[in-house]
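Written out below as structure tokens is the structure these notes cover.
Number of protein chains: 2
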Amino acid sequence: MSTTLPTTDPRTGQRSDTGIETTTDENVDALVETAVGAFAELAQRSRTWRAEMLDTIADVLEEHREKLVDTAAGETGLAMPRLNGELTRTVFQFRMFADSVREGGYLEAAIDHAGDTPMGPQPDVRRMLMPIGPVAVFGSSNFPFAFSVPGGDTASALAAGNPVVAKAHSAHPLTSKASFETMREGVQRAGGPDATISVVYGQVAGSRLVAHPGIAAVGFTGSLGAAKHLRATIDKRERPIPFYGELQSVNPLIVATHALAARSEEIAAGLAVSVTGSAGQLCTKPGIAFVPSGAGADAFADQVVEAMAASTPGVLLNNRVLDSFQSAERELEGAASVKSLLGARSEGILVGQGFAVEARVLRVHASELTPAHTVEAFGPLVLLVDYDDNAQLLSALEEVPDSLTATLHVEDEDLATLSGVLPQIAATVGRLVFNGFPTGVRVSWAQHHGGPWPATNSFHTSVGMTAIRRFLRPLAWQAAPTQLLPEELCDTYKAVPRRVDGVLELADPAAL
Amino acid sequence: MSTTLPTTDPRTGQRSDTGIETTTDENVDALVETAVGAFAELAQRSRTWRAEMLDTIADVLEEHREKLVDTAAGETGLAMPRLNGELTRTVFQFRMFADSVREGGYLEAAIDHAGDTPMGPQPDVRRMLMPIGPVAVFGSSNFPFAFSVPGGDTASALAAGNPVVAKAHSAHPLTSKASFETMREGVQRAGGPDATISVVYGQVAGSRLVAHPGIAAVGFTGSLGAAKHLRATIDKRERPIPFYGELQSVNPLIVATHALAARSEEIAAGLAVSVTGSAGQLCTKPGIAFVPSGAGADAFADQVVEAMAASTPGVLLNNRVLDSFQSAERELEGAASVKSLLGARSEGILVGQGFAVEARVLRVHASELTPAHTVEAFGPLVLLVDYDDNAQLLSALEEVPDSLTATLHVEDEDLATLSGVLPQIAATVGRLVFNGFPTGVRVSWAQHHGGPWPATNSFHTSVGMTAIRRFLRPLAWQAAPTQLLPEELCDTYKAVPRRVDGVLELADPAAL
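First to last, the protein sequences are chains R and U.
Using this note's numbering, read the first sequence as starting at 597 and increasing by one per residue.
Using this note's numbering, read the second sequence as starting at 597 and increasing by one per residue.
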């Protein structure tokens, strides 16, 4: 039995009916089965065609920009420049995966010719990575495009050659629907099978989706709690499948002594922007900042407070985000020796008044730090921590859960002492940011948006070109007749990088 | 409390005390903690040093060949030529990983310089793969070297820069101990920290090992049952870690019409060798062979029976393998319409008589095939299946669990009909073997020794150079001062392949 989904404008708290029906079990099953059919059809298409399809999806997303951004603004309360930037990034990401598919390095094509070896005569063995089947994608509330229906999980799964069945986020069902329809239009324009992209609505449908034997992997961005629920469902499957989850992050920022002396005000201003941008609802928001104790730390705290007090009040995405922000505020304010420097604890919000909250600055000394001080507050809040020396800093950092990023503000004079603590910090994160801020994740080949548990539960994640490998598996051909090999594994094909008899070879420019 | 471990000579069934004590909880904890210390020490060493260490381990394994092989022969009942070949392969594998570490492609080094992009100005981002920490390795009974203490899991984890704590297999504790001592000698000769390689004894110690927070990943080769037990322990950890399991495989072999007509006797002889070699105790043993029905199939069955009847009776590795072989025999013989063509069902073995079993050939028609016909019989047994046409073949193949390999015997005239069924077969395995046999896995760059569940539970496994990636995670540096970067990510370093601003570049030969 299906019901219709509501949506809420976070700026007013006003709830309305979308008219979108939750997907029934029967329809979830039917969608996955057509996705399995689409998988077989996609396997017949070339990489060139698939790259075209990704580019066409990018084109159509661009064509529908106004409708997509307007819809998302109404459901997320995010500002128009932010949403426009996010859509640009989403379009860019599709084009980049298209380029990556054309380049073909992601195939990891390898050929070992038959011959005598130190192990005696050996057969011809060739291998490359192959798509795995339909992928379920669960997006996040804070990125209605870049980490949602048309986000990095979807783009990388499609780039690999897999159909995608997305679960619409309950906080932006209309945006999910509009994104799905836009992508479907792109798929159709490229001549692909409709079921290359599908969408299901409702939490029950989401559980049904990950339990379906036709689903080969799950990409997820969201809370630890939701991940746990899905994991429990996946654990009951007969055939295990990978679950790639990006879950939470506190993102420590560390200011070194000389950096504080040289650039206190600049760092404070940048921190304020990084903490309050998108109302602090970014997985890479620096939630805790370590500053050398003393008069410099007091001045820095004043500068952060001043900059954050001047920021526009943020609107949280939805009631659940508000609840969890209030609960984190309560826990942090109640933790030992914490002083509140800016903002009052958020109150319950009445319908019609929206989910706006004040920016918050808290402060504590490193010697007092406990796990109660290092919970993630998903919203515009930062905890400033005074530290006396590197030993105390390292010991305090042990109370911070492993994260997506760590940020270091350092001058040349700080480097000597820093090199001693860097390995410990590096072991706890996926990205080290120097003299900048961790928000604003560059989409590029070298990017990595992951980190040790509980930041993510897998080595590779949805940002950067290696996202594609999560949805590929190796297949080897031994002594295969040439006409049965994929073209990329034939001796005469030279248009992708390959490892031949152990030696890496670039694509032949003449073959491109 | 520790007890001492027994060992059994499979050729006689004679059990004796090894004097090896099971590792206590306290000692497991202490070993993991020293491994964590060794991890930090290893992080200070260069790739060149690590490659030297792998080569030195290979040297020392070679030096102790006689002792290692003699010890393994006494505990496994495997023939000396097989064990000598396996040790050669193990040594070769260490040298190959050493070459791979020197070559450095496995680092996946990538540099995106700062600059203007379609997304606006972007910071410098550099990334490469980094070791993850101590790895627990659980080897298999059937490969006392190549998939055990000094096997592919260990070699690839060490190559990645991680210490290894191996769990000694209960069926070859003396071989495990001798292998560990040999490797430890190699580590010491190379000047590495002792705890680069450690070993624990006993099942309780194995569970303690995978539960320890200091362990970062588990490599496992063995039964689904043992994997399930370890998985349950791992699921209780606070911090999840990857479990890479190679579990079971039936390995269908398919003879096409023209191939049967052209090479019946040759295929039958090869199949007999592949089924009876190492007493059929190979994960890639072809357990089920599909043959076009008719007079040709009858002749083929006679040829297989004749060749297998002439083979030397096999000695199974231990009581557990014997039990499970007997149980599989019972299930297969009892399945609908199965005829036994060769061999009597194995009997219970009395101490003093060893674990020898007869080679078995069973036969059934494809139209009768059910899951009861496709259980893995780990031992010298093959089920011949007559099929009438490709449609019936495909439908029968659906009853075969996904496997490490599928083997196809085909002539040119078979290729037209084969191309229609190949995608379905390819989707169910990790390696397609043409006109050969799946046993005898080549150790090379392009090799892949994995397959969809229940063959393995992960995309990448312990054979082939990509085994190393299972024990590496990405780390990105954003706008990092050059002196804080690993040398492989500095602009001036040219001795490894890298992706620079999206373009793959080979190492500069002048820099090597």
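All C-beta atoms, glycine included, are put in the ideal place defined by N, C-alpha and C.
**Message:** So that I know if they touch, is there some Cβ in chain U lying closer than 8 Å to that of histidine 1056 of chain R?
**Reply:** yes
**Message:** Quick check on the burial criterion: 16 or more other C-beta atoms within 10 angstroms. Buried or exposed for leucine 674 of chain U?
**Reply:** buried
**Asked** So, do the stretch 1043-1059 of chain U and the stretch 1068-1075 of chain U have three or more beta carbon pairs nearer to each other than 8 Å?
**Response** no
**Prompt:** Any idea what DSSP makes of isoleucine 837 of chain U, helix, strand or coil?
**Reply:** coil
**Asked** From this set, R:Val632, R:Gly1098, R:Pro606 and R:Gln799, which residue's C-alpha is nearest asparagine 738 of chain R's C-alpha?
**Response** R:Pro606
**Item:** For alanine 952 of chain R, the residue or residues it bridges with in DSSP
**Value:** R:Val911
**Asked** Looking only at its own chain, which residues have a Cβ that is under 6 Å from the Cβ of arginine 611 of chain R, when we skip the five neighbours before and after it?
**Response** Pro602 and Thr604
**Message:** When you compare the CB positions of glutamate 1084 of chain U and alanine 694 of chain U, do they come within less than 8 Å of one another, or not?
**Reply:** no
**Asked** Which partner residues does tyrosine 983 of chain R have in the DSSP bridge list?
**Response** R:Pro888
**Item:** Close Cβ partners of asparagine 680 of chain R (< 6 Å) along its chain, the five nearest in sequence each way excluded
**Value:** Val665
**Asked** Leaving out five residues before and five after arginine 926 of chain U in sequence, what residues of the same chain have Cβ atoms less than 8 Å from its Cβ?
**Response** Arg941
**Request:** May I have the straight-line CA-CA distance separating valine 871 of chain U from glutamate 671 of chain U, to the nearest angstrom?
**Result:** 22 Å
**Message:** Given a cut-off of 8 Å on the beta-carbon distance, is the pair threonine 1024 of chain R and leucine 849 of chain R in contact?
**Reply:** no
**Prompt:** Any idea what DSSP makes of isoleucine 850 of chain R, helix, strand or coil?
**Reply:** strand
**Message:** Closest to phenylalanine 1067 of chain R by C-alpha separation, out of R:Leu990, R:Leu627, R:Leu1108 and R:Gly757, would be which residue?
**Reply:** R:Gly757
**Message:** Does the CB of alanine 1106 of chain U have a neighbour CB from chain R at under 8 Å?
**Reply:** no
**Message:** Along the stretch 753-773 of chain U, where does the CB come closer than 8 Å to a CB of chain R? Name the residues.
**Reply:** none
**Prompt:** Closest to proline 882 of chain R by CA distance: which of R:Ile830, R:Gly729 and R:Arg1027 is it?
**Reply:** R:Arg1027
**Asked** For the stretch 708-736 of chain U, which residues have a beta carbon sitting closer than 7 Å to at least one beta carbon of chain R?
**Response** Asp708, Pro714, Met715, Gln718, Pro719, Val721, Arg722 and Arg723
**Item:** Status (buried if at least 16 other CB within 10 Å, exposed otherwise) for valine 1099 of chain R
**Value:** exposed
**Item:** Given 8 Å, three or more beta-carbon pairs between the stretch 743-759 of chain R and the stretch 1091-1108 of chain R
**Value:** no
**Asked** Does the count of Cβ pairs from the stretch 999-1016 of chain R and the stretch 904-912 of chain R closer than 8 Å reach three?
**Response** no
**Message:** If you reduce the DSSP assignment to three classes, tell me which class aspartate 645 of chain R lands in.
**Reply:** For clarity, residue 645 of chain R is tryptophan in the given sequence; the question names aspartate instead. Correct three-state label for tryptophan 645 of chain R: helix.
**Message:** If I follow the unbroken beta strand (DSSP E) through glycine 802 of chain U, where does it start and stop?
**Reply:** Element bounds for glycine 802 of chain U: not the beta strand (DSSP E) but the alpha helix (DSSP H), 799-807.
**Request:** Within 10 angstroms of the Cβ of glutamate 699 of chain R, are there 16 or more other Cβ atoms? Answer buried if so, exposed if not.
**Result:** buried
**Message:** Strictly by DSSP, which residues pair up with histidine 1005 of chain U?
**Reply:** U:Val851
**Unbroken beta strand (DSSP E) run spanning threonine 603 of chain R, endpoints** = 600-605
**Request:** Compute the distance between the beta-carbons of alanine 903 of chain U and alanine 864 of chain U, then report whether it is under 8 Å.
**Result:** yes
**Prompt:** Do the stretch 716-730 of chain R and the stretch 647-663 of chain R touch if we need at least three Cβ pairs shorter than 8 Å?
**Reply:** no
**Asked** With threonine 1062 of chain R and alanine 801 of chain R assumed to form a contact (beta carbons below 8 Å), what rounded beta-carbon distance in angstroms separates them?
**Response** Not really, about 30 Å apart at Cβ, beyond 8 Å.
**Message:** Using only the alpha-carbon positions, how far apart do alanine 932 of chain R and glutamate 637 of chain U sit?
**Reply:** 37 Å
**Message:** If the cut-off is 7 Å on Cβ atoms, which residues from the stretch 877-901 of chain U count as contacting chain R, listed in chain order?
**Reply:** none
**Asked** So is alanine 813 of chain R buried or exposed if we call it buried at 16+ other beta carbons inside 10 Å?
**Response** buried
**Prompt:** In chain order, what residues of the same chain have a beta carbon less than 7 Å from the beta carbon of proline 976 of chain U, not counting five sequence neighbours either side?
**Reply:** Val871, Thr872, Ala875, Gly876, Gly910, Val953, Ala955 and Arg956
**Prompt:** In chain R, which residues lie with their C-beta within 7 Å of the C-beta of phenylalanine 688 of chain U?
**Reply:** Pro714 and Met715
**Request:** Mind listing the chain U neighbours of tryptophan 1041 of chain R? Cutoff is C-beta to C-beta under 7 Å, in chain order.
**Result:** Ala706, Asp708, Arg1095 and Gly1098
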